[in-house]
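**Q** For what it's worth, the numbering used here labels the leading residue of the sequence shown as 19, then goes sequentially.
Yeah, the Cβ is synthetic: ideal placement off N, Cα and C, and Gly gets one too.
First the structure, then my questions, so here it is.
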Amino acid sequence: MAAPPWAGTASHQQFYVLLTGANSGVGLGIGQRIIDEFLTSRSLSSHLVLIPTTRSAAKSRQTILALRAHVEKTANTSNQLRARAGPDYNPKTVISRVHVLSVQLDLCDLNAIYSVAEQLVHGKISDPTGVIDDVAIPRLDAVLFNAGIGGWSGLDWLEFARQFLHVGLVQSTTFPSFKKALPAVILDQRKLLGDAAATSLNTPPPELAEVFCANVFGHYILAHELLPLLSRSHPDEPRGRVVWTSSIDAGHDHLDFDDFQARRTKPPYESSKRITDLLVLTAELPSVEKVAASYFASSPPATTTGEDKPFKPRFYLSHPGIVCTPLFPLNWFLFFAYWCVMYVSRWCGSAWHPIEPYLGACATTWLALADEAELELDAAGSNSSGSSAQRVKWGTCATRGGRVAPKETEVEGWGWDGRVEGRDRPEAETGAGILGKGRGRKWDAVALTRERREEFEADGLRCWAELERLRIAWEVALGKRAKGKGAAAAENGHRANGNGL
Ligand SMILES: NC(=O)c1ccc[n+]([C@@H]2O[C@H](COP(=O)([O-])OP(=O)(O)OC[C@H]3O[C@@H](n4cnc5c(N)ncnc54)[C@H](OP(=O)(O)O)[C@@H]3O)[C@@H](O)[C@H]2O)c1
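Laid out in C-alpha cells, this is it:
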C-alpha cells in the first residue's frame with residue numbers, strides 16, 4: 019500500500035482537521051474556507067488533511083469532490099497564492115498540498131460514533147473516491163463540531179408581525195421568536211442499543227431526544243472518544259482544538275433544567291445551543307473542572323504503548339451569525355424571500371448577517387487555524403484585556419458590504435468573557451465599527467451582574483454533571499465500561515452537581 023502523499027513532510031507541517039456535517043450549508047463553507055486560509059497563511063510546504071464527515075458514502079463522495087474542485091479553483095484563480103509563490107507559481111503544487119478524506123457519521127447513532135472514533139484512533143480512513151489509499155492519522159489538530167438539526171416546522175407569522183413591530187427588522191431577524199418547534203422526537207432505544215441489548219438490560223439507559231443528541235450529546239461523546247488524537251504528551255506541542263458550534267440566539271430562558279433535553283417545554287434547538295454555551299465557556303473554571311476531570315481523564319491509552327498524554331484539548335465556542343441554509347425548512351419561494359430579507363437586514367445595519375455559508379464560516383475557521391498566541395488576544399486585536407479566546411463566544415460578523423470577521427458575542431449570564439464589568443452601555447467605551455461591543459447586542463441585553471455570573475457557573479456545572487451522567491449510563495448500556503465503575507462515576511457526577519437534575 020502506498021504511503022500517503024504528505025508522508026515526506028515533517029510532522030509539524032501536517033495539519034489534520036475533522037469537520038462534522040460538512041456536506042451542506044455552513045459545514046461546506048467551513049471546508050472551503052479552511053482550504054483557502056490554510057493555503058494563504060501556512061508555509062508553502064505544509065499539508066492540510068481535511069476529514070469531512072457526512073451521513074452516507076454518497077454524500078462523502080460528493081463532498082470530497084466539491085472540496086477538491088474548490089482547491090483547484092483557488093489554486094488557479096488566487097492572486098494571493100500567486101504573489102506568495104513568485105514567478106514560478108505552479109497551481110499543481112498548491113493542489114498537491116490539500117488532501118480530503120471522509121468518514122460517515124450519524125450523531126444520533128451512538129454505536130456509530132464509537133465505531134467512527136475507533137476507526138480514527140486505531141484504524142484507517144478510506145477515500146471513497148479511491149484517490150488516496152487507506153491511511154492512519156497520527157493526531158487531530160482541530161475538530162470542528164458543525165453538524166446540527168433545527169427541529170422546526172415553520173414560521174409563526176403572527177408572532178413574526180408582533181416581534182417586527184416591537185423590535186424592528188434587524189433585531190427580529192437576528193433573535194427570532196417566531197420559529198415553530200416540532201414536538202421533540204425521542205430516539206428509539208432499540209435502535210440505539212441494538213435489539214439484543216435492549217431486551218436484556220435490567221435498567222434501560224436514559225432516553226435521548228433527537229435534537230439534543232445531534233447537536234450536543236453526540237459531539238460530546240465523540241470528543242471524549244477522540245481524546246487520544248486530541249491530547250498531547252508535551253506542553254510545547256500545539257494543543258488539539260475542539261470548536262463547538264452554537265447560535266447567537268441561545269439565551270438563559272431557552273434552557274430548563276427540569277427538561278434538560280427539551281422534550282416538553284422548551285424549543286429543542288435553542289436549548290441545545292444554550293447547553294453548548296454553558297459546556298464550553300465553563301469547561302476550564304475551577305468549580306467545573308472537578309466534574310469535567312473524569313471526561314478529560316478517562317480516555318483509553320493514547321497509543322498501543324500506553325503513552326500518557328496529559329495535555330487535554332482546548333474547547334472553543336463559535337457561531338456563524340445568520341446564514342441562509344437548509345437548516346430552516348422553507349420551500350424555494352420562502353427561502354428566496356428569506357434570503358432577500360436577510361440582505362435587507364444587513365444593509366439596515368445588522369452586525370450578524372454574513373448570509374452566505376462561506377462567509378459565515380469565518381469565526382470557526384479562524385479558531386481552527388489561528389496561532390495559539392493569537393487566541394490569547396482579545397477581539398480588538400490587543401491583549402490588553404488578557405482575555406483568552408476560550409472564554410469568549412466567537413461569532414461571524416459582517417459589514418454592509420459583506421466583509422467578515424470574528425467578533426465577541428454577548429452571552430446572557432456570562433457577558434463577553436465572564437468578567438463583571440458593570441457596563442450597561444459598552445458602545446460608549448469600546449465604540450468603533452462593527453467589532454465594537456455595542457453593535458449587535460440583543461435589544462434587552464443588560465450589564466452582567468455578579469449574581470448572574472454565579473448562576474451561569476452553577477448552570478455550567480449542572481450541564482457537565484448531567485452530560486457526564488448520560489455518557490456513563492450509555493457507556494455501561496453499550497458495554498463500553500464495567501457496570502460498577504460506571505455507577506460510581508455517575509454517582510460522583512451527581513454529588514458534584516449538588517442536587518442532580
Ligand atoms: N444557518 C444559520 O443561520 C445558523 C445560525 C446559527 C448556528 N448555525 C449552526 O451551524 C451548523 C450548521 O448548520 P447549517 O445552517 O449549515 O445547516 P445545514 O445546511 O442543514 O447543515 C447541517 C449539517 O449537519 C448534518 N447533520 C444533521 N443531523 C446530523 C446527524 N444526526 N448526524 C450527523 N450529521 C448531521 C447535516 O447532514 P445531512 O445533509 O445528512 O442532513 C448537514 O451536513 C449547525 O450546528 C447550526 O446549528 C446555523
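Mapping DSSP to helix, strand and coil, what is Q32?
**A** Looking at Q32 - three-state DSSP - the assignment turns out to be strand.
**Q** For the pair the stretch 72-91 and the stretch 106-121, tell me if three or more CB-CB distances fall below 8 Å.
**A** These segments touch.
**Q** Quick check on DSSP: helix, strand or coil for T92?
**A** Three-state DSSP puts T92 in a helix.
**Q** Do R259 and D389 have their C-beta atoms closer together than 8 Å?
**A** Not in contact: R259 and D389 (Cβ atoms no closer than 8 Å).
**Q** Within the chosen definition, does the stretch 408-420 reach the stretch 325-343 through at least 3 CB pairs nearer than 8 Å?
**A** Result yes; three or more Cβ-Cβ pairs closer than 8 Å.
**Q** Of the residues R86, W370, A199, which one's Cα is nearest the Cα of R457?
**A** Comparing Cα positions, the closest option is W370.
**Q** Return the CA-CA distance between V261 and D295, expressed in angstroms with no decimal places.
**A** Those two C-alpha atoms are separated by around 11 Å.
**Q** Bridge partners for Y334 per DSSP, in chain order?
**A** DSSP output for Y334 lists V261 as bridge partner(s).
**Q** If you measure from the CB of G258, is any heavy atom of ligand 1 nearer than 7 Å?
**A** No - ligand 1 has no heavy atom lying nearer than 7 Å to the Cβ of G258.
**Q** May I ask you to list the residues that DSSP assigns as paired with C415?
**A** In DSSP, C415 forms a bridge with A423.
**Q** At which residues does the beta strand (DSSP E) containing F17 begin and terminate?
**A** Residue numbering for the chain in the displayed model covers 19 to 519; residue 17 lies beyond these limits and cannot be assessed.
**Q** What residue from R364, D435, V35 has the CA that sits closest to G420's CA?
**A** Comparing Cα positions, the closest option is R364.
**Q** Count the other C-beta atoms from every protein chain shown that fall within 10 angstroms of the C-beta of L183, then say buried if there are 16 or more, exposed otherwise.
**A** Burial call: exposed.
**Q** Look up V341 in the DSSP assignment and give the residues it is bridged to.
**A** Answer by DSSP bridge pairing, in chain order: I373.
**Q** Out of curiosity, what's the CA-to-CA distance linking G511 and D462?
**A** Reliability fails at G511, whose pLDDT of 46 lies under 50, so the model's placement of it is uncertain and the value that follows must be treated cautiously. Their backbone Cα atoms lie some 35 Å apart in a straight line.
**Q** Where does the unbroken beta strand (DSSP E) through T72 begin, and where does it stop?
**A** 65-72 is the extent of the beta strand (DSSP E) around T72.
**Q** Are the CB atoms of R480 and F354 nearer to each other than 8 Å?
**A** Contact: no.
**Q** How far does the beta strand (DSSP E) with S171 in it reach, from first residue to last?
**A** Segment 170-173, the beta strand (DSSP E) holding S171.
**Q** Given A130, which residues of its chain have a CB within under 7 Å of its CB, disregarding the five upstream and five downstream residues?
**A** If we look at A130 and ignore the five residues flanking it on each side, its Cβ neighbours are L123, D124.
**Q** Alpha carbon to alpha carbon, how far is A527 from S251?
**A** Not covered by the structure: residue 527. The range shown for the chain is 19 to 519.
**Q** Identify, in the order they occur along the chain, each residue of the same chain with its Cβ nearer than 7 Å to the Cβ of Q408, setting aside the five sequence neighbours on each side.
**A** So the qualifying residues of the chain are E302, R332, F333, Y334.
**Q** Which same chain residues end up closer than 6 Å to I69 when comparing Cβ atoms and leaving out the 5 residues on each side of it in sequence?
**A** Excluding residues within five positions, the ones whose Cβ falls inside 6 Å are L36, L119.
**Q** Alpha carbon to alpha carbon, how far is G45 from T38? Give it in angstroms, no decimals.
**A** Computed Cα separation, rounded: 7 Å.
**Q** Taking only three categories from DSSP, how would you classify N401?
**A** Unreliable positioning characterises N401 in this predicted model, as indicated by a pLDDT of 42, which lies under 50. The coordinate reading is nonetheless provided below. If DSSP states are grouped into helix, strand and coil, N401 belongs with coil.
**Q** Quick check on DSSP: helix, strand or coil for I155?
**A** The answer is coil: DSSP assigns I155 none of H, G, I, E or B.
**Q** Only counting runs of 3 or more residues, tell me where the beta strand (DSSP E) segments fall wholly within the stretch 113-154, in order along the chain.
**A** Fully enclosed beta strand (DSSP E) runs of 3 or longer: 116-118.
**Q** Beta strand (DSSP E) containing K198: first to last residue?
**A** Where K198 is concerned, the enclosing beta strand (DSSP E) stretches over 197-199.
**Q** What are the start and end residues of the alpha helix (DSSP H) that includes Y287?
**A** Y287 -> alpha helix (DSSP H) spans 286-299.
**Q** Do P344 and S42 have their beta-carbon atoms positioned less than 8 Å apart in this structure?
**A** A contact, by the Cβ cut-off of 8 Å.
**Q** Return the chain-ordered list of same chain residues with a C-beta closer than 6 Å to the C-beta of S114, the five sequence neighbours on each side being excluded.
**A** If we look at S114 and ignore the five residues flanking it on each side, it has no Cβ neighbours.
**Q** At a threshold of 7 Å, does L345 count as lining ligand 1 (C-beta to nearest heavy atom)?
**A** Because some heavy atom of ligand 1 lies under 7 Å away, the Cβ of L345 counts as near it: yes.
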